[in-house]
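Structure record follows, encoded as structure tokens.
Numbering (our numbering), first residue to last: 21 to 705.
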């Protein structure tokens with residue numbers, strides 16, 4: 021919930037000691053007892069013991085255990101672009117790291133979390149894993165710490181200093197009713213309220229949210245009546261009954277439209293915007309123009325949390341409250357209908373992002389899709405579960421740039437592959453799906469799959485005169501030839517492509533991607549003058565459109581060509597410009613490629629120390645990408661040649677020292693150094 025962290029000093033000490041002595045620790049307890057907050061607090065306090073970082077992986081939005089390793093890799097910013105198993109990639113990368121990994125909310129993925137934790141701990145002796153779950157993982161090496169509710173006031177005592185539960189109630193009551201000092205006016209009733217709620221933080225926060233309209237005695241009386249009715253069943257553990265009863269009481273006190281919205285909001289994963297809530301949750305007695313006001317009511321009652329710093333504001337619900345809402349949604353018989361609206365909204369969002377991905381809104385869409393990643397996953401899962409392959413393929417295909425340009429090729433291929441299996445060959449959406457699947461395979465170096473997808477795609481669109489369709493064929497088929505080392509065939513495919521773009525509606529990036537492919541082939545063939553001139557034209561066209569991603573790739577290729585022409589000043593300027601752009605988009609592959617060429621440029625400019633450091637910075641990123649130098653033999657040879665020249669200039673000892681400085685600098689500091697900005701790496705001079 022929102023607000024300051026209250027109490028838990030003893031629990032923090034015990035958890036900290038456990039994490040210093042054990043490598044797999046599970047913080048277990050009922051929903052709403054405060055596991056997530058305590059884990060985050062303990063992890064922050066121990067960050068100095070883990071030089072490679074503390075990383076918290078929020079698992080509550082994740083439904084598919086097959087995506088667990090991918091989700092973890094994304095948190096660690098491992099943009100592996102190979103076809104290796106994701107778990108193997110994680111094990112290899114973590115092997116020499118001293119890192120604390122927090123897997124938060126594991127109860128719905130117990131087997132997957134336990135198995136992955138064991139594999140990673142076996143591979144990485146410096147790794148510590150902290151999990152939070154309503155029940156233990158059930159692993160031999162696991163050290164389980166049950167988290168009890170907050171300490172309660174002793175009978176006859178109302179001193180907040182002696183009770184974490186009372187301290188929390190006082191803090192939240194002041195937030196709900198500023199200046200009324202309700203817990204001080206009613207000390208005995210406040211203490212009794214905490215005892216009645218068993219010290220469960222979520223129950224206390226839900227109750228405190230009502231103190232803007234009620235006094236503590238009123239609140240206690242209403243809760244007492246509710247408990248008398250709903251806690252007769254002694255088979256359920258008391259704390260579970262307390263929380264369930266408190267949530268039910270809070271639900272009853274909501275207005276009818278608030279209860280309806282609470283139920284409908286349960287379909288979201290990872291949060292939502294006001295616009296999404298209005299589109300997905302309106303209907304029947306809740307008109308679209310009333311949703312935002314009703315949402316504010318739920319926020320005031322602490323059912324929903326709002327992050328006002330986000331633009332637009334971002335809302336979310338705790339898992340325990342979302343689960344309660346989902347139960348009511350099922351009782352209302354609306355689970356499928358609201359799920360359909362959720363999937364439809366995010367399918368439309370994917371299509372809108374596809375249409376805008378090569379224009380001035382590219383960066384904004386990149387960020388928006390990243391923010392909605394959990395909802396996009398949920399929508400695709402829902403459509404596949406409904407066996408609506410056509411809609412799933414339309415959405416997954418429209419997300420090609422999200423998969424392709426952001427290092428998510430593995431996940432994208434998984435979604436596309438499942439959807440392709442559900443549609444017949446004559447399905448109209450199949451063609452875009454084939455192309456998207458093929459381009460992701462291409463970037464991963466899975467060239468046989470890319471070639472097969474290219475053939476199928478070319479057959480499916482044979483006879484179409486749309487220039488963008490022809491460019492899409494050219495990019496996939498020609499790109500496969502290029503990465504197989506067959507530049508002659510790649511040139512033949514490129515020469516047959518139309519010169520001009522189409523209207524950009526079906527394949528908005530195809531023409532620009534085909535231009536990038538042409539520049540890349542020119543570089544492999546040593547045609548530096550042609551590559552430099554053509555890449556400059558592509559950059560200018562991207563600037564005219566307000567596009568950034570292709571422009572950065574074109575800048576990299578222009579810098580590489582200018583290096584080949586010994587135009588060191590231009591190569592440095594264009595390489596840095598491309599790197600600055602990629603800093604915004606965080607494309608690890610392109611960033612590493614640019615750093616490689618900048619290292620060579622600086623070496624050619626007699627700045628060997630800087631060149632060696634940048635090779636180290638680049639190498640750290642290549643380790644996360646997995647597929648060095650894009651899998652192109654010519655690029656690998658150029659990288660090796662750069663290293664040889666720098667070793668010859670500096671000597672092996674100096675080269676190794678400076679290379680390792682770059683390797684350990686960190687991506688952000690290394691990029692700042694490459695751009696000539698103040699950095700820790702520069703201070704080593």
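From the three backbone atoms N, C-alpha and C, an ideal C-beta is built for every residue, glycine too.
It should be emphasised that the depicted structure is a prediction, and the values quoted were computed from it without experimental measurement.
Best match in the options for proximity to residue i [C-alpha to C-alpha]
i           : options            : result
residue 681 : 700, 670, 667      : 700
residue 162 : 676, 175, 169, 148 : 148
residue 679 : 686, 656, 644, 634 : 634
residue 585 : 232, 553, 605      : 553
residue 373 : 417, 442, 274      : 417
residue 517 : 237, 496, 467      : 496
residue 451 : 364, 489, 550, 399 : 489
residue 519 : 508, 532, 668, 98  : 532
residue 455 : 223, 406, 203, 472 : 472
residue 142 : 335, 153, 117, 359 : 117
residue 396 : 145, 340, 289      : 289
Secondary structure of residue i, DSSP reduced to three states
i           : result
residue 481 : coil
residue 334 : strand
residue 78  : strand
residue 326 : strand
residue 70  : coil
residue 64  : helix
residue 153 : strand
residue 122 : strand
residue 314 : helix
residue 105 : coil
residue 700 : coil
residue 46  : strand
residue 148 : strand
residue 695 : coil
residue 226 : helix
Counted within 10 angstroms of its Cβ, other Cβ atoms place residue i as buried (16 or more) or exposed
i           : result
residue 291 : buried
residue 356 : exposed
residue 252 : No answer about residue 252 holds up, because its pLDDT of 45 lies below 50 and its placement is not dependable.
residue 351 : exposed
residue 64  : exposed
residue 528 : buried
residue 690 : buried
residue 331 : exposed
residue 617 : buried
residue 329 : exposed
residue 225 : buried
residue 362 : buried
residue 354 : buried
residue 421 : buried
residue 336 : buried
Through-space distance from residue j to residue i, alpha-carbon basis
i           : j           : result
residue 31  : residue 66  : 14 angstroms
residue 487 : residue 459 : 18 angstroms
residue 435 : residue 429 : 10 angstroms
residue 173 : residue 215 : 7 angstroms
residue 522 : residue 477 : 18 angstroms
residue 636 : residue 515 : 38 angstroms
residue 536 : residue 283 : 48 angstroms
residue 389 : residue 370 : 8 angstroms
residue 649 : residue 377 : 25 angstroms
residue 58  : residue 279 : 30 angstroms
residue 312 : residue 306 : 11 angstroms
residue 81  : residue 129 : 11 angstroms
residue 199 : residue 28  : 26 angstroms
residue 423 : residue 191 : 44 angstroms
Same chain, Cβ closer than 8 angstroms to residue i, five either side skipped, listed in chain order
i           : result
residue 308 : 298, 299, 302
residue 447 : 409, 410, 413
residue 401 : 83, 84
residue 384 : none
residue 505 : 653
residue 240 : 209, 212, 213, 216
Cutoff 8 angstroms: residue i Cβ touching any chain C Cβ
i           : result
residue 188 : In the structure shown, chain C does not exist; there is a single protein chain.
Residues near residue i by beta carbon distance below 6 angstroms, same chain, minus five either side
i           : result
residue 45  : 38, 39, 150, 163
residue 348 : 283
residue 380 : 566
residue 334 : 291, 327
residue 115 : 143, 144
Neighbourhood of residue i by C-beta, 7 angstroms cutoff - its chain only, sequence neighbours within 5 removed
i           : result
residue 655 : 649
residue 250 : Low confidence applies to residue 250: its pLDDT is 42, below 50, so where it sits in the model is not reliable enough to give any reading.
Residue i: CB within 7 angstroms of a non-hydrogen atom of the ligand NAP
i           : result
residue 170 : Of the ligands one can find in the structure shown there are none, so the ligand NAP has no counterpart to examine.
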